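Heads up, this note's numbering is the position in the sequence shown plus 8, with the first residue counted as 1.
Taking it in order: structure first as structure tokens, then the write-up.
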Amino acid sequence: GAPLVRHVHVDAGYDAIVDWGGLERLPGYLQQLQLPSRVFIVTDSNIHDIYIPSITKNLIAAGFEPHIYILPAGEGSKSQQQLFALYDWLLELHAERREALIALGGGVVGDLVGFVAATYLRGVPLIQIPTSLLAQVDSAIGGKTGINHPRGKNLIGSFYHPRLVLADPSTLLSLPERSRTEGWAEIVKYGIILDAELFALLEANAGALRAFSPPPVALLCQIIARCIDLKVVVIEEDEREQGRRAILNYGHTFGHALENVSGYGEWLHGEAVSIGMVVAATLAQESGLFAASAVERQNHLLAALGLPIEYAGTVHAQDILAAMQLDKKVVGKRVRWILPRQIGEVISMPLPDELVERVILTFMG
Ligand code: NAD
Ligand code: ZN
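Structural data, given as structure tokens:
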């Protein structure tokens, strides 16, 4: 069958490894990095009980000295208070510059701990162990770290690369279904923007992926590694071709606005992005770029994976339109839309306000 371990090399000088059950092999991965024996593991309250006992046992057996910090689960932990609480903890333990910080969790833990690693003593080794589907295919890759400010999300942060990303898809077995489902949105996004083959693979297996019982082990490893590979390629291209990274925002112009206007929490990020991709594909169709049949294929796949493709809520279209104007992707006051031309290919362009308003008003009913 297909391999259950896959390595993606990142030019910045580290590997992203997808390894089903790889958490059990963490001591060996750490040994390869030749780190000091003390390691500082930060996780959240949901993940701690499930994974920390066996990780701790294995690390101690291999001669490591793990120290554990448990954050409250949820976006609220990407805060100044938790950032400084982590600095206090590390200082208390006299953590040194060569000793590694390990982020075990979803994007919240990864972003916060990544920023701690970037800034504590001007930078210490970082290991990312993403445990949510979204973190495995997206947030753990690319080196963006940071916290929220009371005035907005991700306003404080830095680029900082880990020494290793270890994605163990078996951790998804404990992830709540709604969190797992939202992860498919980013994966469908990669298919639309870059990879028609990935898109077809998702279409052919949507039922098994959605059901997740039994977990489609080899397929999942293949899909996660492919997404990591695609994100890495886009980011590496961006260093040469300024702005290439923007294609990763497909579905996010409307999606971010929906999240903003409805207050974070009503829609999970992936759910908002799913609806955002429906809107962007419709705009592409209305602009004569994207075939109606292709819009249909996209929306059908999103729905088959359990994602929302229709807007149901109380937010006003006018508020969404206003929120999009404030989005950071606005260049010279005009939103640049990421629009598909075919499955696997997108372009970036501004659109006439009248068209955007008409499509969004119609879509939101
Ligand atoms: P999250 O970290 O809050 O995880 C979602 C929920 O699942 C949490 O309740 C968590 O405790 C739980 N969980 C995670 N893994 C689990 C597991 N294996 N078993 C049981 N429960 C588990 O959220 P997320 O969706 O992973 O990440 C969202 C964050 O990522 C946001 O803060 C967003 O800004 C950030 N993000 C960053 C980047 C980037 O490039 N750095 C990209 C996208 C998103
Ligand atoms: Zn996203």
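Built from N, CA and C at the ideal position, the CB exists for glycine as well.
On a predicted model such as this, the values are computed, not experimentally measured, just so you know.
Residue range of the unbroken alpha helix (DSSP H) whose run includes residue i
i, result
"residue 127", "115-127"
"residue 78", "Premise fails: residue 78 lies in the beta strand (DSSP E), 73-79, not in any alpha helix (DSSP H)."
"residue 62", "53-69"
"residue 91", "88-100"
"residue 378", "Given that the chain is displayed from residue 9 to residue 373, the structure contains no residue 378 and the question cannot be resolved."
"residue 226", "225-248"
"residue 220", "Per DSSP, residue 220 belongs to no alpha helix (DSSP H) and is neither H nor E."
"residue 191", "185-202"
"residue 327", "325-334"
Beta-ladder partner(s) of residue i, from DSSP
i, result
"residue 152", "167"
"residue 50", "77, 111"
"residue 136", "111, 173"
"residue 24", "16, 173"
"residue 345", "357"
"residue 260", "According to DSSP, residue 260 bridges with nothing at all."
"residue 160", "157"
"residue 350", "353"
For residue i, the first and last residue of its enclosing beta strand (DSSP E)
i, result
"residue 39", "Segment 34-40 is the alpha helix (DSSP H) holding residue 39; no beta strand (DSSP E) there."
"residue 175", "172-175"
"residue 353", "353-358"
"residue 312", "Residue 312 -> not in any beta strand (DSSP E); alpha helix (DSSP H) instead, spanning 300-312."
"residue 275", "That residue, residue 275, is in no beta strand (DSSP E); it is neither H nor E in DSSP."
Residue environment, residue i, which counts as buried when at least 16 other CB atoms sit within 10 Å
i, result
"residue 179", "buried"
"residue 70", "exposed"
"residue 105", "exposed"
"residue 114", "buried"
"residue 159", "exposed"
"residue 11", "exposed"
"residue 189", "buried"
"residue 58", "exposed"
"residue 13", "exposed"
"residue 15", "exposed"
"residue 171", "buried"
"residue 300", "exposed"
"residue 92", "exposed"
Whole-Å CB distance - residue i paired with residue j, under 8 angstroms assumed
i, j, result
"residue 112", "residue 50", "7 angstroms"
"residue 347", "residue 357", "7 angstroms"
"residue 191", "residue 278", "6 angstroms"
"residue 140", "residue 154", "That belief does not hold up - the Cβ atoms of residue 140 and residue 154 are roughly 17 angstroms apart, past 8 angstroms."
Problem - Touch test, the stretch 253-261 against the stretch 292-304, Cβ-Cβ under 8 angstroms, three pairs minimum - result: no
Exercise for the section: Evaluate contact between the stretch 221-236 and the stretch 300-320, counting only Cβ atoms and requiring at least three cross-stretch pairs below 8 angstroms. Expected result: no
Exercise for the section: For the stretch 194-207 and the stretch 303-312, state whether three or more C-beta atom pairs, one from each stretch, are separated by less than 8 angstroms. Expected result: yes
Exercise for the section: Take every Cβ of the stretch 37-56, pair it with every Cβ of the stretch 75-85, and state whether three or more of those distances are shorter than 8 angstroms. Expected result: yes
Problem - Segment contact flag, the stretch 236-250 with the stretch 318-326, C-beta cutoff 8 angstroms, min 3 pairs - result: no
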